[in-house]
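Trainee: Chains as they are written, first to last, in the working numbering: chain A, 6 to 452; chain B, 6 to 452.
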């Protein structure tokens with residue numbers, strides 16, 4: 006009997022949780038936000054519940070609204086390396102920017118993480134949308150969206166070739182003969198492109214997964230095309246089933262058109278669940294969080310999403326929809342349309358919009374008892390909207406504990422989620438093949 | 006009664022050990038060279054013997070002679086992050102290049118390592134001498150020595166300001182008031198220099214040590230001046246007491262001239278000990294290693310040190326001293342003079358020179374019983390040649406076990422090395438003060 010199709014579940018970790026006021030909630034671990042043991046413990050809980058992976062976002066600039074929330078950012082690859090040492094099976098996905106890294110350095114960081122974790126590394130590929138990052142890297146201005154994606158494509162070609170530059174059997178490691186590496190199987194790239202000139206080979210032998218898992222989160226036209234071509238898992242934000250279905254169908258179609266197996270492109274929307282034993286209790290919990298919102302913080306978030314500064318406006322007045330069209334402003338591409346759709350659908354006041362977005366920066370927020378959460382997950386999963394989810398607990402660790410203890414057992418009972426790991430690597434958890442090296446059928450000597 | 010001045014001891018880790026044929030020796034852990042648990046175990050042994058730190062070298066290019074030895078390079082910061090999670094007191098020093106990193110990225114990596122290790126990070130600052138690195142980073146050629154040091158100086162100014170950009174009390178983290186950061190104490194740099202334009206602030210709060218420990222290894226004129234100005238610990242290679250004394254006196258003098266406390270510049274020569282219960286046994290052990298040397302490998306090493314290709318020459322003929330002068334070739338600046346001095350002093354054949362350098366790439370190799378090793382350490386320590394040592398076992402783990410089990414107890418009995426840790430951070434192990442933030446007396450708002 007063939008096994009039922011299985012959900013993939015990741016735990017997306019923000020210091021205090023994903024609601025923008027999470028760190029102020031009495032149950033959050035605000036005081037431990039700088040402490041690696043807190044993150045190691047979260048990862049161990051997720052591993053205990055057989056999650057596919059944990060996930061860290063990233064950006065190389067300080068958020069403007071750090072005054073009002075825990076918006077610092079540890080460097081994810083160091084953090085994941087320390088978490089790797091405290092876990093044994095769970096995948097480790099870190100975000101890093103193709104705009105603000107050199108491919109040789111990035112390839113080494115992730116190859117090393119893949120080695121030290123025994124094949125559990127994933128790279129969430131971003132081009133960085135925060136314009137202030139440019140000023141930390143000597144650029145006169147942040148490169149535009151199209152240019153960033155163009156660089157990203159070449160970047161991917163280069164790091165892929167670097168990860169493949171040692172064939173799997175290049176390491177001989179034979180003390181008797183004195184041969185460590187069969188250098189006929191260690192290949193220079195000699196890449197010469199518009200953005201990069203990289204000779205190679207990498208100075209790290211091929212890693213357990215061959216290549217770390219390629220994760221991506223773009224939602225713009227360029228972002229979708231990039232994801233369909235390169236991504237093996239896609240994180241995406243949707244407020245409605247219909248929106249998620251449209252995205253799902255589009256990506257799978259584009260992947261098919263590129264001769265890729267669409268099952269090897271996992272689509273994982275974000276979900277931020279407020280869980281109570283009754284609907285009323287879950288709603289009250291969500292209200293408790295919304296009461297902790299600081300509008301000074303939220304307006305900066307909104308400015309980043311829309312490119313529109315609403316400070317000074319009456320929070321309880323209507324959202325000034327006309328300003329979006331007249332300004333033609335654009336913020337983060339993956340969020341702009343989503344927020345405008347909410348405005349058009351729900352006609353909120355500014356305060357209502359802020360609350361709507363406070364839960365998880367535009368991701369799907371749902372409140373209810375565990376059965377309802379599980380039902381919704383199953384509906385999206387079985388109706389062409391998701392292959393799994395990026396779970397974004399409103400607060401941590403308690404908000405995740407509720408999901409793990411009450412929702413996961415329901416999903417397991419329904420046969421939708423594993424009872425135990427069958428594989429050891431992140432590729433195995435996701436059902437992805439281990440890629441052969443690009444060079445595996447060439448004969449070419451190292452210079 | 007004041008305590009006697011104490012040695013600082015680091016364990017310098019190369020996969021199979023420091024002798025170039027170490028990985029071929031029957032006692033080396035050649036088969037575990039790609040396994041993080043092997044390195045975690047080495048670090049735990051060093052911690053058990055209260056060593057100050059472990060140390061990893063690095064370079065962003067594949068060595069030309071990887072065919073004949075384990076000359077791959079894991080990325081040290083990921084590696085150290087995973088080791089941090091398996092240890093609690095030992096310092097963690099990783100090498101990274103100022104020529105091939107962006108300061109914002111590097112500052113985050115080390116600040117994160119310092120956070121996750123509870124204040125145990127050290128950065129060995131190098132400018133990278135291997136010319137092939139340039140070709141992995143799109144540079145038409147490797148920048149010359151002077152230019153690399155010029156960039157390094159500005160790089161240091163930038164990362165220092167980034168590490169200081171959050172004052173120590175900038176993190177308020179008060180859920181009740183909703184203030185996470187006192188942004189009057191989070192400072193942009195607005196650095197504009199010849200090589201870098203960096204706005205800042207860093208997106209990581211100030212780390213436990215304030216700044217990771219600054220380690221350096223330059224021996225050229227530029228390198229010494231740089232070390233005297235910035236370094237808190239210096240790794241250095243000397244074949245003789247006289248050479249080490251000259252270096253020690255020069256650095257301390259230069260530090261004093263810059264108004265630095267010379268005690269806060271620890272000078273740590275490399276030492277590679279072959280230990281036997283008798284002199285004859287130690288000598289036989291060293292011969293056993295020399296019998297495993299592969300000249301194909303050694304000649305590449307020599308070419309890198311001297312810029313001179315001797316393949317094709319009779320290994321048992323005299324070293325062609327005249328070629329150095331006529332070619333005027335230069336390899337790695339910190340080794341060139343050292344090797345030429347050996348040639349002039351000992352008039353070796355090529356094979357003899359290769360054996361002389363095979364032990365630890367030009368570092369001090371000494372063979373003998375434990376008492377003799379301890380005597381020599383004490384002589385250097387008490388005669389103005391060293392504040393401690395970078396211990397470079399010929400092979401691992403056995404070569405280190407011998408040192409730890411037989412030499413450390415003698416040093417302790419003589420009151421020269423700690424019986425237990427008195428501090429928790431690497432700065433505390435080295436007796437270095439925790440630096441105040443550059444910004445700690447300014448009042449300046451985040452823009």
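C-beta: ideal position from N, C-alpha, C; glycine also.
Could you give the DSSP three-state label for residue 151 of chain B: helix, strand or coil?
Mentor: Three-state DSSP puts residue 151 of chain B in a helix.
Trainee: Got a sec: which bits of the segment 391 to 409 of chain B sit with their beta carbon under 9 Å from any beta carbon on chain A, in order along the chain?
Mentor: Result list empty, no residue passes.
Trainee: With H, G and I counted as helix, E and B as strand and the rest as coil, what does DSSP make of residue 443 of chain A?
Mentor: Looking at residue 443 of chain A - three-state DSSP - the assignment turns out to be coil, as it is neither helix nor strand.
Trainee: I'd like to confirm the pairing. Which residues does DSSP put opposite residue 171 of chain A in its beta bridges?
Mentor: For residue 171 of chain A, which the question treats as bridged, DSSP gives the partners A:191.
Trainee: Counting only C-beta atoms, is residue 146 of chain A closer than 8 Å to chain B at any point?
Mentor: No, residue 146 of chain A does not count as interfacial toward chain B.
Trainee: Between residue 61 of chain B and residue 161 of chain A, what straight-line distance do the alpha-carbon atoms span, to the nearest angstrom?
Mentor: One C-alpha to the other measures close to 28 Å.
Trainee: Mapping the DSSP letters down to three states, classify residue 196 of chain B as helix, strand or coil.
Mentor: Correct three-state label for residue 196 of chain B: strand.
Trainee: Could you have a look at residue 395 of chain B and say whether DSSP puts it in helix, strand or coil?
Mentor: Note: residue 395 of chain B maps to strand in three-state DSSP.
Trainee: Can you give the Cα-Cα distance for residue 38 of chain A and residue 380 of chain B, rounded to whole angstroms?
Mentor: Cα to Cα, residue 38 of chain A sits roughly 48 Å from residue 380 of chain B.
Trainee: Give the straight-line distance between the Cα atoms of residue 6 of chain B and residue 280 of chain B, rounded to the nearest whole angstrom.
Mentor: A caution first: residue 6 of chain B carries a pLDDT of 46, below 50, which makes its placement in the model too unreliable to give a value.
Trainee: To the nearest angstrom, report how far apart residue 210 of chain A and residue 67 of chain B are at their CA atoms.
Mentor: Distance between the alpha carbons of residue 210 of chain A and residue 67 of chain B is about 10 Å.
Trainee: Going straight from the alpha carbon of residue 178 of chain A to that of residue 271 of chain B, what length do you get?
Mentor: The alpha-carbon atoms of residue 178 of chain A and residue 271 of chain B are separated by roughly 37 Å.
Trainee: Quick one: what's got a C-beta closer than 7 Å to residue 146 of chain B's C-beta in the same chain, skipping five residues either side?
Mentor: Same-chain partners within the cutoff: 139.
Trainee: Residue 133 of chain A touches chain B at which residues, Cβ-Cβ below 8 Å?
Mentor: Here the premise fails: no neighbours, minimum Cβ distance about 12 Å.
Trainee: Given that residue 121 of chain A touches chain B, what residues does it touch there, using C-beta distances under 7 Å?
Mentor: Residues of chain B passing the Cβ test: 41, 83, 84, 87.
Trainee: How would you call residue 133 of chain B, buried or exposed, if buried means at least 16 neighbouring beta carbons within 10 angstroms?
Mentor: Classification for residue 133 of chain B: buried.
Trainee: Kindly indicate which three-state DSSP category residue 435 of chain A falls into: helix, strand or coil?
Mentor: Three-state DSSP puts residue 435 of chain A in a helix.
Trainee: Under 7 Å Cβ-Cβ, which residues of chain A neighbour residue 29 of chain B?
Mentor: Here the neighbours are 180, 183.
Trainee: Does the beta-carbon of residue 213 of chain A have 16 or more other beta-carbons within 10 angstroms, so that it is buried, or is it exposed?
Mentor: When all chains shown are included, residue 213 of chain A counts as buried.
Trainee: Evaluate residue 221 of chain B with the Cβ neighbour count: other Cβ atoms within 10 Å of its Cβ, from every protein chain shown; 16 or more gives buried, anything less gives exposed.
Mentor: Result: buried.
Trainee: At a CB-CB cut-off below 9 Å, which residues of chain A make contact with residue 106 of chain B?
Mentor: In chain order: 107, 110.
Trainee: The alpha helix (DSSP H) spanning residue 380 of chain A covers which residue range?
Mentor: Unbroken alpha helix (DSSP H) run through residue 380 of chain A: 375 to 387.
Trainee: Around the C-beta of residue 451 of chain B, are 16 or more other C-beta atoms found within 10 angstroms, so that it is buried, or is it exposed?
Mentor: Residue confidence is low: residue 451 of chain B scores 47 on pLDDT, short of 50, so the model does not pin down where it sits. No coordinate-derived value is stated.
Trainee: Output, in sequence order along the chain, the residues in the segment 203 to 235 of chain B whose CB is closer than 8 Å to any CB in chain A.
Mentor: Under the 8 Å Cβ criterion, the segment 203 to 235 of chain B contributes 203, 204, 205, 206, 207, 208, 209, 210.
Trainee: Per DSSP, which residues does residue 241 of chain B bridge with? Please list them.
Mentor: Partner(s): B:274.
Trainee: Spell out a yes or no on whether the segment 40 to 52 of chain A and the segment 401 to 409 of chain A are touching, meaning 3 or more CB-CB pairs, one atom from each, closer than 8 Å.
Mentor: The segment 40 to 52 of chain A, when compared against the segment 401 to 409 of chain A, does touch it at the 8 Å Cβ threshold.
Trainee: Determine the direct distance from the alpha carbon of residue 295 of chain B to that of residue 123 of chain A, and round the result to whole angstroms.
Mentor: Straight-line Cα distance between these residues: approximately 35 Å.
Trainee: Residue 14 of chain A by DSSP, collapsed to three states: which one?
Mentor: The answer is strand: DSSP assigns residue 14 of chain A an E or B state.
Trainee: Of all Cβ atoms in chain A, is any one closer than 8 Å to the Cβ of residue 72 of chain B?
Mentor: Output row for residue 72 of chain B: interface = yes.
Trainee: Going by the beta-carbon positions, is the gap between residue 103 of chain B and residue 157 of chain B smaller than 8 Å?
Mentor: Yes, Cβ-Cβ distance for residue 103 of chain B and residue 157 of chain B is below 8 Å.
Trainee: According to DSSP, what are the bridge partners of residue 164 of chain B?
Mentor: Residue 164 of chain B is not bridged to any residue.
Trainee: Taking one C-beta from the segment 439 to 447 of chain A and one from the segment 256 to 269 of chain B each time, how about it: are there three or more such pairs within less than 8 Å?
Mentor: These segments do not touch.
Trainee: I want to verify the contact list: residues of chain A whose CB lies under 7 Å from the CB of residue 80 of chain B, in sequence order.
Mentor: Those are 113, 114, 117, listed as they occur along chain A.
Trainee: Measure the C-alpha to C-alpha separation of residue 169 of chain B and residue 227 of chain B and round it to an integer number of angstroms.
Mentor: Cα to Cα, the separation comes out at about 26 Å.
Trainee: Tell me whether the segment 418 to 433 of chain B and the segment 294 to 313 of chain B touch, counting them as touching only if at least three CB pairs, one residue from each stretch, are closer than 8 Å.
Mentor: Short answer: they don't touch.
Trainee: So, under 8 Å CB-CB, residue 141 of chain B and residue 198 of chain A are touching, yes? Tell me the CB distance rounded to an integer number of Å.
Mentor: Residue 141 of chain B to residue 198 of chain A, Cβ: 14 Å. No contact.
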